[in-house]
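Structure record follows, encoded as structure tokens.
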Amino acid sequence: MLHQSDRLIETPSQTAGPYVHIGCIPSFAGLKDVYPEDLGRSPIEPGARGTRITITGSVYDGTGWAMRDAMIESWQADAEGRFAGQSGADPLVSGFCRFAADKDSGEFILRTIKPGAVAGRDGMVFAPHIALWIVARGINIGLSTRIYFEDEDNSADPLLARIEQRPRVQTLMATATGAGTYRFDIRLQGEGETVFLDL
Amino acid sequence: MPPPDAPAEPQYDAAALMPRRHDMHPRPYDPDYKTSVTRAPRLPLLSMQATPTEETGPRFGHDRIGPLDNDLIRNHAQGDALAIGERIRVFGRVIDETGRAVPHTLVEIWQANAGGRYRHIKDTYFAPLDPNFGGCGRTLTDETGHYEFMTIRPGAYPWPNRANDWRPMHIHFSIFGHAFGQRLISQMYFQGDPLIDLCPIAATIKDRGQLDRLVAPLDMQNARGMDYLAYRFDIVLRGRRQTMFENRPEGL
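In the order they appear, the protein sequences are chains A and B. Position in the first sequence (from 1) plus 211 gives the number in the working numbering. Position in the second sequence (from 1) plus 45 gives the number in the working numbering.
Structural data, given as structure tokens:
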């Protein structure tokens, strides 16, 4: 008999369901009097260093329909590439934000600062990016992806380099639509399917 | 009950996250759960070793948590009234795959009321709202990873999928851990509920042993006479690899 590992197994995921907002963004559900404010309303506080940006997009299902019930969380570094809690990180950047697709239009908006490049192990450097985690009814385990920026130098990014079908890199690129404004659409399935990550 | 203050400056632990075992999770595409058909990616996930983006994560301090945030019987009460339903205590421990406690991490829950109705603009089921029940709660685990909530047992309810599908009684859980790559949302079911075996959402988990881990057992030792029943629900998050030559304490 093989040696028995004492490693446990992660608790299995279940869908967040259509009412995820009650627990995560209660004011969206119409529930305004339990907490003083929703958690993760903004990833930055006034005075945070860096360039202000606004990212707008939608989450599309396999039929091309912009989902009205998706909930997204974002996690990012500060303008110098440091995460909250790391030494030297900008104290005005929590780096965490929660936002929902609009119940009428399906559009989401993330207002933040552009993150800096992030140093990884073994000298790896990741181009500026924002991690996203997407949950909704019908999504049985949260989907991870990243927003990169088309106006940054992404040529040496180790994650993007792993994408074999080069046209798919474009699914992770926020496209500039104006001064400090970007578009980033997420396609769960089918043509133009977003690259989802298992990191 | 408030646990001691969290360390002011969380330390960045460079030990890599263990890969996620997707075979132990629900199948993303499952035709019996119809909504998953158009919402499951068809292409493989891009797998690689976690990076600092996944190995760090948001921390939430005790200053954000109100005294009634983990008491759903009272946190939406109008005046002295209490929520209607069978009073229960739901408690457990958050640990990681290496068995280490996950202290000071945020646990959020949401649920239907005793009649199976959610307080949400999109829920139109005709079971009535309870004016004294909001349906959300949150807390931080203590030094040893323990958490607890007081709430009422949620009702089962019908939902549009096949002609007559019902959700078993369940409480939604959201857990952060200490790294964005540990982020998890799941559901707790109740021991003995016959609807679990009929539920296409529960059945998205193909490993029965894994599904059983979401079914909280009744725990009479932790119930209180003439007051509430207790259900224990322990949660395991992704672990971090033990690295050699690590000169800082593990588990921070």
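Cβ coordinates follow ideal geometry from the N, Cα and C atoms, glycine included.
For A:G320, is the classification buried or exposed, using 16 other Cβ atoms within 10 angstroms of its Cβ as the cut-off for buried? Checking the displayed sequence, the identity of residue 320 of chain A turns out to be Ile instead of Gly. A:I320 counts as exposed, since fewer than 16 other C-beta atoms from the protein chains shown sit within 10 angstroms of its C-beta.
Check whether the stretch 122 to 142 of chain B touches the stretch 261 to 269 of chain A, taking contact to mean three or more Cβ pairs, one atom from each stretch, closer than 8 angstroms. No: fewer than three Cβ pairs fall under 8 angstroms.
Are the stretch 172 to 179 of chain B and the stretch 231 to 247 of chain B touching, with three or more C-beta to C-beta distances below 8 angstroms? Taking 8 angstroms as the limit for Cβ pairs, the verdict is that the stretch 231 to 247 of chain B does not touch the stretch 172 to 179 of chain B.
Can you give me, in chain order, the residues of the stretch 181 to 205 of chain B that have a beta carbon less than 7 angstroms from any beta carbon in chain A? Taking 7 angstroms as the Cβ-Cβ cut-off against chain A, the residues of the stretch 181 to 205 of chain B that qualify are C181.
What separation, rounded to the nearest whole angstrom, lies between the Cα atoms of B:G296 and A:Y271? Caution applies to B:G296, whose pLDDT of 44 falls short of 50 and renders its modelled position unreliable; the value that the coordinates give is listed next. For B:G296 and A:Y271, the gap between their C-alpha atoms comes out near 38 angstroms.
How many angstroms separate the CA atom of A:H232 from the CA atom of A:L213? A:H232 and A:L213: Cα-Cα distance of roughly 46 angstroms.
Environment of A:R316 [buried if 16+ CB atoms lie within 10 Å]: Position check: residue 316 of chain A holds Ser in this sequence, whereas Arg was assumed. Looking at its Cβ environment, which holds fewer than 16 other Cβ atoms inside 10 Å, A:S316 is exposed.
Whole-angstrom Cβ separation of A:L250 and B:F225, contact assumed at under 8 angstroms? Contact between A:L250 and B:F225 does not hold, since the beta-carbon distance rounds to 15 angstroms and is not under 8 angstroms.
For A:T388, does the count of other Cβ atoms within 10 angstroms reach 16, so buried, or fall short, so exposed? It is exposed - the Cβ of A:T388 has fewer than 16 other Cβ atoms within 10 Å.
Would the beta-carbon of A:M278 fall within 8 angstroms of that of A:V346? Not closer than 8 angstroms, so no.
Taking the straight line between their C-alpha atoms, what separation do you get for B:A251 and B:M63? According to the sequence provided, residue 251 of chain B is Lys. The question's Ala does not apply to it. A straight-line Cα-Cα distance of about 22 angstroms links B:K251 and B:M63.
According to the neighbour-count rule (16 or more other Cβ atoms, all chains shown, within 10 Å of its Cβ), is B:H107 buried or exposed? It is exposed - the Cβ of B:H107 has fewer than 16 other Cβ atoms within 10 Å.
Name, please, each residue of chain A whose Cβ falls closer than 9 angstroms to the Cβ of B:V135. Result: empty, since nearest Cβ-Cβ is about 14 angstroms, beyond 9 angstroms.
Could you check if A:N425 is buried or exposed, using at least 16 other CB atoms within 10 Å of its CB as the buried criterion? The displayed coordinates of chain A run from 212 to 410. Any statement about residue 425 of chain A would go beyond what the structure contains.
Collapsed DSSP secondary structure at A:C235 in the structure displayed: In this structure, A:C235 counts as helix in the three-state DSSP scheme.
For A:S298, does the count of other Cβ atoms within 10 angstroms reach 16, so buried, or fall short, so exposed? Classification of A:S298: exposed, given that the 10 Å Cβ count is below 16.
As a quick exercise: from B:G222, B:D116 and B:Y276, pick the residue whose alpha carbon is nearest that of B:L263. Checking every option, the nearest Cα to that of B:L263 belongs to B:Y276.
Can you list, in chain order, the residues of the stretch 155 to 172 of chain B whose Cβ is nearer than 7 angstroms to any Cβ on chain A? Listed by position, the residues of the stretch 155 to 172 of chain B near chain A (Cβ gap below 7 angstroms) are W155, Y163, R164, H165, I166, K167 and D168.
Contacts of B:P245 in chain A (Cβ-Cβ under 7 angstroms): Here the premise fails: no neighbours, minimum Cβ distance about 11 angstroms.
With distance defined between alpha-carbon atoms, name the residue in B:I220, B:I230, B:R228 and B:M214 nearest to B:D242. Among B:I220, B:I230, B:R228 and B:M214, the Cα nearest to that of B:D242 belongs to B:M214.
Using a 10 Å radius around the Cβ and a threshold of 16 neighbouring Cβ atoms, would you call B:L282 buried or exposed? A residue is called buried once 16 or more other Cβ atoms fall within 10 Å of its Cβ, and B:L282 is buried on that count.
With a cut-off of 8 angstroms, do at least 3 Cβ pairs link the stretch 225 to 244 of chain A to the stretch 304 to 313 of chain A? Cβ pair count under 8 angstroms is three or more, so yes.
Measuring CA to CA, which of B:H217, B:H121, B:N177 and B:Q156 is closest to A:P247? Of the residues B:H217, B:H121, B:N177 and B:Q156, the one whose Cα lies closest to the Cα of A:P247 is B:H121.
Hey, does B:H121 have any beta-carbon neighbour from chain D nearer than 8 angstroms? Of the chains in the structure shown, none is chain D; the protein chains are A and B.
Three-state secondary structure (DSSP) of B:T80: Helix, per DSSP.
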